[in-house]
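Undergrad: Dropping a structure here in structure tokens format, bear with me for questions.
Numbering (my numbering), first residue to last: 158 to 308.
Below is the structure:
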């Protein structure tokens, strides 16, 4: 297993994580080209089995502010590889990558009903709730909780 900086061409191998998300995928690729975001991937042989994205800036400054705070999202490990500590290794490598870039705060979010995800984030040190928002991107609005970790 190897964790490395992602490249735009990697999205082809990560198609399992981006079903029916062409519009969002285009937005991510644009952000990477504009140097507003970055990502790490997990390689297992020729497969890409995980990813995590960093937004260095965001229109919502509570998520990312270009100076000290970074927003994490699209943090996922393929279902066949979950439960092996790969996600924890990936996010810890992400924290190191972020610190090297000079940032000292990280935010991440989950939907209110995702209790298991929230327990996992708390275990990783995301102990402060920054805010609760309403996410209107889907068919039904959902409450979205933003958490903060200081590095």
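C-beta: ideal position from N, C-alpha, C; glycine also. A quick note: this is a predicted structure, and the numbers were derived from the prediction, not measured.
1) Distance, Cα to Cα, residue 302 vs residue 175?
2) Looking at residue 243: is its Cβ nearer than 7 Å to the Cβ of residue 234?
3) Which value, in whole angstroms, describes the spacing of the CA atoms of residue 230 and residue 192?
4) Does DSSP classify residue 171 as helix, strand or coil?
5) Determine the contact status of residue 239 and residue 212, defining contact as a CB-CB distance below 7 Å.
6) Name the DSSP bridge partner or partners of residue 263?
7) Please tell me whether residue 170 and residue 205 are closer than 7 Å, where the distance is taken between their beta carbons.
TA: Walking through what the data contain:
1) Walking along the chain shown from the start, residue 302 turns up at place 145. Walking along the chain shown from the start, residue 175 turns up at place 18. Cα to Cα, the separation comes out at about 22 Å.
2) The residue you call residue 243 lines up with position 86 of the chain shown. The residue you call residue 234 lines up with position 77 of the chain shown. Yes; because the gap between Cβ atoms is below 7 Å, this pair is in contact.
3) Along the chain shown, one-based indexing puts residue 230 at 73. Along the chain shown, one-based indexing puts residue 192 at 35. Cα to Cα, the separation comes out at about 16 Å.
4) Here residue 171 refers to the residue found at position 14 of the chain shown. Of the three classes helix, strand and coil, the one that applies to residue 171 here is coil, per DSSP.
5) By 1-based counting over the chain shown, the position of residue 239 is 82. By 1-based counting over the chain shown, the position of residue 212 is 55. Contact: no.
6) Counted from its first residue, the chain shown places residue 263 at position 106. DSSP lists 227 and 306 as the bridge partner or partners of residue 263.
7) Numbered from 1 along the chain shown, position 13 holds the residue referred to as residue 170. Numbered from 1 along the chain shown, position 48 holds the residue referred to as residue 205. Contact flag set, yes.
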